[in-house]
Amino acid sequence: MAPTTESKARKRKPRPRKRKRGVRTREGQARPADAGSPVQPLVEILNGTTKRATKRRKAKAKRAWAALVPDSADPLERNIVEHLPMPAGYVLVPKGNVYITRHCRSRTKKSGRIVYVVYNCTGKRTLGIRVPEEIHKKVLESAAETEESRASAVQARDAKDLLKHRELLLKEYPLMPKKTLKLILEHAFLKGSGRVGRTGMITDEQKTHLAVEAHIRHVHTPYDKLLDDGVGRKNAREQVWSIIQDVERAWQGCEKAEIKLALRPAQD
Numbered sequence: 001m002a003p004t005t006e007s008k009a010r011k012r013k014p015r016p017r018k019r020k021r022g023v024r025t026r027e028g029q030a031r032p033a034d035a036g037s038p039v040q041p042l043v044e045i046l047n048g049t050t051k052r053a054t055k056r057r058k059a060k061a062k063r064a065w066a067a068l069v070p071d072s073a074d075p076l077e078r079n080i081v082e083h084l085p086m087p088a089g090y091v092l093v094p095k096g097n098v099y100i101t102r103h104c105r106s107r108t109k110k111s112g113r114i115v116y117v118v119y120n121c122t123g124k125r126t127l128g129i130r131v132p133e134e135i136h137k138k139v140l141e142s143a144a145e146t147e148e149s150r151a152s153a154v155q156a157r158d159a160k161d162l163l164k165h166r167e168l169l170l171k172e173y174p175l176m177p178k179k180t181l182k183l184i185l186e187h188a189f190l191k192g193s194g195r196v197g198r199t200g201m202i203t204d205e206q207k208t209h210l211a212v213e214a215h216i217r218h219v220h221t222p223y224d225k226l227l228d229d230g231v232g233r234k235n236a237r238e239q240v241w242s243i244i245q246d247v248e249r250a251w252q253g254c255e256k257a258e259i260k261l262a263l264r265p266a267q268d
């Protein structure tokens, strides 16, 4: 019987132990890897939510907002965007009431404090001003006390302006029908309408002529029908210009011209 031999176990090489590499500080001294700051989650790294990244984003956003709004030439006024935090003790005065806005602005400057002009996020439109709260309260009280007298003054001024425009229309177009005169005054010179009669960029004489031409264009020419048919605005105006001139000359009492009224009947 053959002798049995014990199986020899295969010897394995011992695995080398991994050494923990130390992290060196700014001064060059070694420190253990586990002695550093806590590990930052991967989500935070990917989202860029580190303190340094957040700080950079805020600084970048601030520069972007500053580039949107125009610089103020007044040392007591500062243009800002609506997202900036409200200064302590200040309130927003929305635009819309000329009396309140004007007096809040003047009283704030008179006190030596800054008036913040607030722009929307695009920097193209003003939303109001930020002024000290106590000044705003005093202006509101003053506005309530003078409301009736100011309303009477505005009505008197509006009536005076309307009379002036009526006289100009009669002077330039003495043969204009009375009903047409009334329509133009009520439409083109309506306060708050934003129409040509209310603009402050041209003279009263220019406003008078443009208001009459606009009335003739829409009432005595096929201008609106041309637009409905797809004709361009500039081309449509050129097509009806001769009719406008004929009607104007007739109302001015100049040389007689054959007037072809529009497909849309006149309201005279």
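In the UniProt record's numbering, the protein residues as written are 1 to 268. We put the beta carbon where it would ideally sit given N, CA and C, even for glycine. Since this is a predicted model, take the numbers as computed values, not measurements.
(message) For residue 109 and residue 115, which I take to be in contact (beta-carbon distance under 8 Å), what is that distance rounded to the nearest angstrom?
(response) Cβ atoms of residue 109 and residue 115 come within 8 Å of each other, at about 6 Å.
(message) Could you check whether the stretch 123 to 139 touches the stretch 155 to 166, counting it as contact only if at least three pairs of C-beta atoms, one from each stretch, sit closer than 8 Å?
(response) Counting Cβ pairs under 8 Å, fewer than three are found: no touch.
(request) Could you check the C-alpha separation between residue 170 and residue 201 for me, to the nearest Å? (result) 22 Å
(message) If distances are taken between C-alpha atoms only, which option among 74, 112, 97 and 119 comes closest to residue 81?
(response) Among 74, 112, 97 and 119, the Cα nearest to that of residue 81 belongs to 119.
(message) Helix, strand or coil for residue 184? Go by DSSP, reduced to three states.
(response) helix
(request) Output the distance between the C-alpha atoms of residue 252 and residue 205, rounded to the nearest integer angstrom. (result) 14 Å
(message) Buried or exposed, going by whether 16 or more other CB atoms sit within 10 Å of the CB of residue 150?
(response) exposed
(message) Using the three-state DSSP reduction, which class does residue 221 fall into: helix, strand or coil?
(response) coil
(message) Rounded to the nearest angstrom, what separates residue 230 and residue 214 at their Cα positions?
(response) 20 Å
(message) So if DSSP puts residue 92 in a beta bridge, which residue, or which two residues, is it bridged to?
(response) Residue 92 pairs with 130.
(message) Helix, strand or coil, according to DSSP, for residue 79 in the structure here?
(response) strand
(message) Less than 7 Å between C-beta atoms, sequence neighbours within five positions excluded: which residues of the same chain meet that for residue 174?
(response) Its chain contains 253 as the residues whose beta carbon lies nearer than 7 Å to that of residue 174, once the 5 sequence neighbours on both sides are disregarded; these appear in chain order.
(message) Applying the 10 Å Cβ sphere with the 16-neighbour rule, what's the burial state of residue 132?
(response) buried
(request) Check whether the Cβ atoms of residue 122 and residue 68 sit closer than 8 Å, and answer yes or no. (result) yes
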